[in-house]
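In this text, residue positions in the sequence shown follow the UniProt record's numbering: the first is 1, and each later residue adds one. Worksheet: one structure, shown below.
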Amino acid sequence: MKARIQWAGEAMFLGESGSGHVVVMDGPPEAGGRNLGVRPMEMLLLGVGGCSNFDVVSILKKSRQAVESCEVFLEAERATEDPKVFTKIHMHFVVKGRALKEAQVKRAIELSAEKYCSASIMLGAAGVEITHDYEIIELG
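Here you go:
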């Protein structure tokens, strides 16, 4: 996997993925930015959520669950001193569908956390406390 980050002036950077997609990262005005893109640490948190949500949806589909929507809301805490690393991340999944089995939803989240989500497993190995919970919403 490769990526390229190009400085675009002030506190703005353009990140280009190996697959050719570009994202804008920018700092807050107090750090010389113009607030025109996500912060790099926000990007990391988004990556963790995207990785885990991808896994959960994929596992639920493979187990023939009628999932119609899956959102994950993340809350992270960071160290107060530099380096201001993540210390805790909590993921709250909201899974919507028809006749979803709670055991299957729970297992999909556990499999992502313990086996498949490279991003969250990597951060967990680095000492970040990662927790999960979920709710299931039945669609009529």
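Using N, Cα and C, we set each Cβ at its ideal position, and we do this for glycine too.
Closest residue to V105 among I59, G20, A76 (Cα-Cα distance)
Here the question's residue 105 lines up with position 105 in the sequence shown. Nearest C-alpha to V105: I59.
Please report the distance separating the alpha-carbon of S63 from that of L74.
Locating residue 63 in the sequence shown gives position 63, counting from the first residue. Locating residue 74 in the sequence shown gives position 74, counting from the first residue. Cα to Cα, S63 sits roughly 25 Å from L74.
Whole runs of the alpha helix (DSSP H) within the region 35-119, excluding any shorter than 4 residues
Listed in chain order, the complete alpha helix (DSSP H) runs (minimum 4 residues) inside the region 35-119 are 40-62, 102-111.
Taking buried to mean at least 16 other C-beta atoms within 10 Å of its own C-beta, is M91 buried or exposed?
Against the sequence shown, residue 91 aligns to sequence position 91. Buried: at least 16 other Cβ atoms inside 10 Å.
Expected contact under 8 Å - CB spacing of M43 and M25 to nearest Å
Within the sequence shown, numbered from 1, the residue matching residue 43 stands at position 43. Within the sequence shown, numbered from 1, the residue matching residue 25 stands at position 25. The C-beta distance from M43 to M25 rounds to 6 Å, short enough to meet the 8 Å contact threshold.
Assigned secondary structure, E10 (DSSP; H/G/I helix, E/B strand, else coil):
For the purposes of this step, residue 10 is identified with residue 10 of the sequence shown, where counting begins at 1. In the structure shown, the three-state DSSP call for E10 is coil.
Which residue marks the beginning of the beta strand (DSSP E) containing H21, and which one marks its end?
Within the sequence shown, the letter at position 21 stands for residue 21. Premise fails: H21 is in no beta strand (DSSP E) and is neither H nor E.
Rounding to the nearest angstrom, what Cα-Cα distance links G124 and L45 in this structure?
Taking the first residue of the sequence shown as 1, we reach residue 124 at position 124. Taking the first residue of the sequence shown as 1, we reach residue 45 at position 45. Taking C-alpha positions only, G124 is separated from L45 by approximately 13 Å.
Would L139 pass as a contact of K96 if the rule is Cβ separation under 8 Å?
Here residue 139 is taken as the residue at index 139 of the sequence shown, counted from 1. Here residue 96 is taken as the residue at index 96 of the sequence shown, counted from 1. The beta carbons of L139 and K96 sit closer together than 8 Å.
Kindly identify the DSSP beta-bridge partner or partners of G15.
Translated into positions along the sequence shown, residue 15 becomes position 15. For G15, which the question treats as bridged, DSSP gives the partners I5, V23.
T87: which of A108, E129, G18, L111 sits nearest, CA to CA?
Your numbering for residue 87 matches position 87 in the sequence shown. Of all alpha-carbon atoms in A108, E129, G18, L111, the one lying nearest the alpha-carbon of T87 is that of E129.
Exposed or buried, I137, counting other C-beta atoms within 10 Å across all chains shown (16 or more means buried)?
The residue you call residue 137 lines up with position 137 of the sequence shown. It is exposed - the Cβ of I137 has fewer than 16 other Cβ atoms within 10 Å.
Proximity to L36 [Cα-Cα], best of T131, V23, Q65:
Counting from 1 along the sequence shown, the entry for residue 36 is found at position 36. Shortest Cα-Cα distance from L36 to any of T131, V23, Q65 involves V23.
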